[in-house]
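Residue numbers (our numbering), protein chains in the order written: chain P, 702 to 1084; chain H, 31 to 652.
Here a beta-carbon is modelled for each residue, glycine too, at the ideal position from N, C-alpha and C.
In structure tokens:
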């Protein structure tokens, strides 16, 4: 196997947990380690390095790494030098492609200009800030601590120190967010020195504080129709500002799409290191034990951190291909769809959800309104 | 020691009728009948302490779980009275405790000379108990009033002793006080049964006559028939004959229950026991029928035999269409044990293949459904229950309608619906609420009596259809659970009734059609269209939902086209998660029913067909 292998590096720490978040991340109190985050993080990096060695044993013939992504948690809580050790070791074991993309997720509250300069220095060349919203009351509902001003400061610093690819994450459809709140958020984002925007409709995940608030009736999730309108508004404004959609929730300036994420949607090979991280190597998916302590024990004990794996059948691979590739503008070839499904899909085309020109050319691609019901269309194809 | 060594007790087939006492216990659900029965089994030592289990006599899981007795049976208890030192054989005949089974209750009562009226002295008498008490009094049974649960802190024995005394015409101090739980007063009760209840009287030399008061199908033995011998003698050598059909059967086994089956040589006058003939279907050995001997048959049957008549109908459909043959099998099997259950195949455009089933009442319906689901492992949808209508048309032709979708569209001269006489017992503070409810349900007040200072009996005639439609739930909620209800059919009456159809995108959904009073058609239409709007997921196109009488639309809602159905994020670990979700949805898709082009999830049918008036609850099931 000599395909390129991308890496995801999970940093499972946050200073505090946001109300809507169900990611695999832990605050110092949740970890109950008694030591401060710096001490924890240092040991953690040693564990990541060991997993990189394990990956090398498993995929010994991988080509140089095309993309790396530091996600979390809050990767920017880590010392620059610690992140640097991870990169050095990846480079040592696998080598870097010449045009390697290295992304880090950043919390606008916990970065300084110096830190950003440091990140660039160790080779990180793409940075994605969690902006979420420009409306303080929406940030409050989301339980985010940052001040909208910090996003302006942080993105400008990033640009000043030399980052060329800067992205922001936005969330819409939160309780209490009006259409004009969202419009203000979009406008604020478009004023930033950025090349990329991810905009996600809020998902209320089971087990989060937000889900409990919704269940108790303390907050009300806006109707789907309003959230759909927000998507249309975002797409319009982003397009007008020169950002093109290249995935359902992602827009970019030309050639500024996130190559690491595209790797996910194109079913490339990627290895996730760290607790709870998922990997995909040629039709096999596997994922690590979830808790940092369990992860530590496995690694320190010389064991594989993999908790479970699945070997995809041909039909599972096909399902995944359809549900992932439909999310992108080039869509899926009609030839790969069962003929029995075509007539039902034609109804969607008549209703304007599928692109007619593409259909003529033998591909199924979503129109703007079709993007909003992508999952429904996937069900039509697969079920 | 008043319990008798079983080996020395009077033996079946050779017991002097003068020593026999046949009695039943009349009680409301959870007034402690089963606990008292358990206690009697223990005190008379027919069940050893180590073999005792709660609700010993309730044989079905459902009976034990729901605390109700569906079928009755009889237990032979030897007892030496401490009042006169004599030995007695007590036959305790357990009676079902629900309005649906009034006929079976009446047959159990007919097998007894006395009845224990058991009342929870924290709650007082309930309507069903009262109805059964009247039935017992009509049968000239000796009534022993007993207040149960005297150990409870909330017990008010004085208050309810007054109430019982007034009802049966005794003195308050004649009411015995027991606790089935602690056993207090149970020995005294057994002694009083011996002293007060008359011995059975019959002619031992006359042709045999035995009353069937219960008939149960057993997988290994076939039908086990419970009988009370009135005249003559049944013995294993006999060939027996069913009076109603004249069919002859071999008698394979005779015995008594004590409380496990004990084979005997026969059963004599006044005795209660079982016979096994190899019959495989309870309809061949019907409750109320008279058993006689083939070689010396009686000329006169015991009084009171009648065929059970279904009062409430509902369609039962398997959730998975492939289970249809299983459902048929399960119904066939259930019918072996339930002479009142009737069914015939029917097809619904929306629900597929199923059966239209007739039941004695709502509880009977619930029990049948639960048994089908539990014992055959089936998942079922049932349509809203309806009563039987008699429709005469302009051309004079008449038809019986047991399914709303069969209701004729043409010119109708008259529609007749079954009417019941309902009795409600409740604290007097709820009189207003109860009358309002009955009035709303087209009731006519017959009368009202005070049972005690603060408890009343209210009598109404009501269309059965109104009771079938969530009346009991409404009654309970309007009286904070204090009211109890009993009813008996008294005939039929003409009603101003119409059929309301529900249409999805112009297509009628047969399962949702209902026959309702003209004044309520609009409310039904609004309720169903609103409910369905909540329950049916948005489709790729707008779906109108209409309620119609014939071609006239009376209510309308619409489900807007779907605009958003997409997961915002799909990265690394989301991919497996989302694929598995899709696989799950595949299962859900199988359970979608198509109404025209509209996909309706089965849950929507189920929720729409329940009379649950709380839309939030229905929604949560989605």
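Check: Of all the options P/947, P/803 and P/864, which has the alpha carbon lying nearest to the alpha carbon of residue 1030 of chain P?
Finding: P/947
Check: So is residue 973 of chain P in contact with chain H if we call contact Cβ pairs under 7 Å?
Finding: yes
Notebook entry, point to check: Beta-carbon of residue 97 of chain H versus every beta-carbon of chain P: anything under 7 Å?
Noted result: Confidence at residue 97 of chain H is low in this model, with a pLDDT of 48, below 50, so its placement is unreliable and no value can be given for it.
Notebook entry, point to check: Which residues of chain H have a Cβ atom closer than 7 Å to the Cβ of residue 925 of chain P, listed in chain order?
Noted result: 593 and 594
Note to self: Going by the DSSP bridge assignment, what does residue 711 of chain H pair with across the sheet?
What the structure shows: Only positions 31 to 652 of chain H appear in the structure, and residue 711 of chain H is not among them; the question remains open.
Next item on the list: May I have a chain-ordered list of the beta strand (DSSP E) segments no shorter than 3 residues that lie completely inside the stretch 576-601 of chain H?
Entry: 582-589
Notebook entry, point to check: Taking the alpha-carbon positions, what's the residue 333 of chain H to residue 366 of chain H distance?
Noted result: If you take the alpha carbons of residue 333 of chain H and residue 366 of chain H, they lie about 25 Å apart.
Note to self: According to DSSP, is residue 427 of chain H part of a helix, a strand, or is it coil?
What the structure shows: coil
Notebook entry, point to check: Is the stretch 251-265 of chain H close to the stretch 60-74 of chain H, with three or more CB pairs under 8 Å?
Noted result: no
Next item on the list: Specify, as a first and last residue, the run of the beta strand (DSSP E) that residue 798 of chain P falls within.
Entry: 797-807
Item checked: Runs of beta strand (DSSP E) lying entirely within the stretch 886-968 of chain P, each at least 3 residues, in chain order -> 897-902, 945-948 and 951-953
Next item on the list: Indicate the three-state DSSP secondary structure (helix, strand or coil) for residue 98 of chain H in the structure shown.
Entry: Low per-residue confidence applies at residue 98 of chain H: pLDDT is 48, beneath 50, and the placement is therefore not dependable, though the value from the model is reported in the following sentence. Note: residue 98 of chain H maps to coil in three-state DSSP.
Next item on the list: Look at residue 206 of chain H and residue 109 of chain H and say whether their C-beta atoms are less than 7 Å apart.
Entry: no
Item checked: Buried or exposed by the 16-neighbour rule on C-beta atoms within 10 Å, applied to residue 518 of chain H -> exposed
Margin query: Just to confirm before moving on: does the CB-CB distance between residue 142 of chain H and residue 123 of chain H stay below 7 Å?
Written below: Yes, these two residues count as a Cβ contact at 7 Å.
Check: Taking 7 Å as the CB-CB limit, is residue 782 of chain P close to chain H?
Finding: So, not an interface residue.
Notebook entry, point to check: Closest Cβ-Cβ distance between residue 598 of chain H and chain P: below 7 Å?
Noted result: Closer than 7 Å to some Cβ of chain P, the Cβ of residue 598 of chain H qualifies, so yes.
Check: Taking the C-alpha atoms as reference points, what is the distance between residue 1072 of chain P and residue 1024 of chain P?
Finding: 12 Å
Next item on the list: With distances taken Cα to Cα, identify the nearest neighbour of residue 233 of chain H among H/241, H/263 and H/243.
Entry: Nearest C-alpha to residue 233 of chain H: H/263.
Notebook entry, point to check: Using DSSP with H/G/I as helix, E/B as strand and the rest coil, what is residue 560 of chain H?
Noted result: helix
Note to self: Assuming contact is defined by CB atoms lying nearer than 7 Å, are residue 544 of chain H and residue 417 of chain H in contact in what I supplied?
What the structure shows: no
Check: So who's on the other strand from residue 827 of chain P, going by DSSP bridges?
Finding: P/804 and P/866
Note to self: My assumption, with CB atoms under 8 Å, is that residue 775 of chain P sits in contact with residue 808 of chain P. Please give the rounded CB distance.
What the structure shows: 5 Å
Notebook entry, point to check: Going by Cα to Cα distance, which pick from H/312, H/541 and H/329 is closest to residue 237 of chain H?
Noted result: Distance check between residue 237 of chain H and each of H/312, H/541 and H/329 places H/329 closest, using alpha-carbon atoms only.
Check: Under a CB-based cut-off of 7 Å, is residue 609 of chain H close to chain P?
Finding: yes
Item checked: Rounded C-alpha distance that separates residue 559 of chain H from residue 924 of chain P -> 21 Å
Margin query: Let me confirm a value: residue 791 of chain P is counted as buried when at least 16 other C-beta atoms fall within 10 Å, else exposed. Which label applies?
Written below: Residue 791 of chain P is buried by the Cβ-count criterion.
Check: So, is the C-beta of residue 828 of chain P closer than 7 Å to a C-beta in chain H?
Finding: no
Margin query: Quick check on residue 1077 of chain P - is its C-beta less than 7 Å from some C-beta in chain H?
Written below: yes
Next item on the list: Kindly give me the distance between the Cβ atoms of residue 54 of chain H and residue 145 of chain H, rounded to whole angstroms, as I take these residues to be in contact under 8 Å.
Entry: 5 Å
Checklist line | Pick from P/815, P/961 and P/766 that is closest to residue 799 of chain P, judged by C-alpha positions | finding: P/766
Checklist line | Amino acids of chain P, ordered along the chain, whose beta-carbon sits closer than 8 Å to that of residue 612 of chain H | finding: 1020, 1024, 1079, 1080, 1083 and 1084
Next item on the list: Quick one: measure Cβ to Cβ for residue 833 of chain P and residue 870 of chain P, integer angstroms, because I've assumed they're closer than 8 Å.
Entry: 7 Å
Next item on the list: Please list, in chain order, all residues of the same chain as residue 1082 of chain P whose beta carbon is under 6 Å from its beta carbon, the five residues on each side excluded.
Entry: 1023, 1038 and 1042
Note to self: I need the straight-line Cα distance from residue 753 of chain P to residue 974 of chain P, nearest angstrom please.
What the structure shows: 7 Å
Next item on the list: Would you kindly work out how many angstroms separate the C-alpha atoms of residue 398 of chain H and residue 364 of chain H, rounded to a whole number?
Entry: 8 Å
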